[in-house]
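J.:
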Amino acid sequence: MEKNVNSSEERKLECGDVSKCFQLLERILDGEDCDGSKEVLKEKLSKCQPCFEHYHLEQAIREMLKTKCTKQAVPGELAASIRQKIEDIK
Amino acid sequence: MSEVQKKKYSDKEKNNIFDNEFMPHIDSMYNFAFRLTFDEDDAKDLVQDTYLKAYRFINSFEQGTNAKAWLFRILKNSFINEYRKKSKQPAKVDYQEVETYYNSDSVDYNITSDLRVDAVKDMLGDEISNALNSLAVDFRTVIILCDLEGFTYEEMAKILDIPIGTVRSRLHRARNLLKDKLHSYAKDMGYDADEE
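Protein sequences appear in the order of chains A and B.
Just so we're aligned, residue 1 is where the first sequence starts under UniProt numbering, counting upward by one.
Just so we're aligned, residue 1 is where the second sequence starts under UniProt numbering, counting upward by one.
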């Protein structure tokens, strides 16, 4: 089962329950541990092509979001102005 | 903000909590505010108001609990109450309606099978950012909280005042909508799943 994790040769091309499987894969990626998630993941990625593709696509999108959407520069004076306002209300 | 375990912190303790537990999250707070308002001044005001409220209600904050989630909840509520009306985004979409529309296996499958990992990796920051920004605020928010900020479903449920089951289904729908937007960019870049 392990040796062909990156090959699609042995994977079935249609997933029996796409909606349920994809939601489960997303939960696993989100770190929301489900019962036996490691085994479930291993099984799905090695045996089901749609699950394999969905998992890696979700992973790629998350990485892109994290690296490209979190860099909004905070205005330099914001922290100082918050501290000043707090001093004023004390 | 639960008032159940209200404590009285001394001034020194208040300053300590504020400096060491609240202020380190200012970057994440500003990023969240900016993605809600799309306006630098509104985002600044929103973050400032959130911190002032956090200080005012600091006795409701229980030390040792998740300060970041607590602050995000205040910011989100402030946005709903004060900033949404003046922000320039379109009226709120009834996500229940959208959810029902997208609640079908074939839609899930088609969106996903049409978009590929290499297409996503070739996208520019602006494309990813625009795709995220184009989502209705309820969908955008769950993606920000989960994928950008790494909150757990339980924390998200508290921040948004919705049940965990709703968090889960809203996230799934939000991701399908995001993939739908990204798919348009992928097509523009010349990726076309039909050709393969």
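Where a beta carbon is used, it is the ideal one built from N, C-alpha and C, also for glycine.
1. How close, in whole Å, do the beta carbons of residue 123/B and residue 64/A come, if the pair is a contact with beta carbons under 8 Å?
2. Out of 60/A, 75/A and 90/A, state which residue places its alpha-carbon closest to the alpha-carbon of residue 53/B.
3. Please identify, using Cβ separations under 7 Å, the residues of the region 20–32 of chain B that lie next to chain A, in order along the chain.
4. Residues in the same chain with beta-carbon distance under 7 Å from residue 30/B, minus the five sequence neighbours each way, listed in chain order, please.
5. Taking just the CA atoms, how far does residue 153/B sit from residue 56/A?
6. Please check the pair residue 158/B and residue 69/B, which I expect to be a contact at CB under 8 Å, by giving their CB distance rounded to whole angstroms.
7. Please name the residue, chosen from 60/A, 66/A and 52/A, that lies closest to residue 12/A on a Cα-to-Cα basis.
8. Answer yes or no: does any C-beta atom of chain B fall closer than 8 Å to that of residue 48/A?
9. Could you list the residues in the region 124–139 of chain B with a C-beta less than 7 Å from some C-beta on chain A, going in chain order?
10. Counting contacts by CB-CB distance shorter than 8 Å, is residue 81/A in contact with chain B?
11. Three or more C-beta pairs under 8 Å: does that hold for the region 13–20 of chain B against the region 75–83 of chain B?
T.: In terms of the structure at hand:
1. 6 Å
2. 90/A
3. 23, 26, 27, 30 and 31
4. 43 and 47
5. 21 Å
6. 6 Å
7. 52/A
8. no
9. 125, 128, 129 and 132
10. yes
11. no
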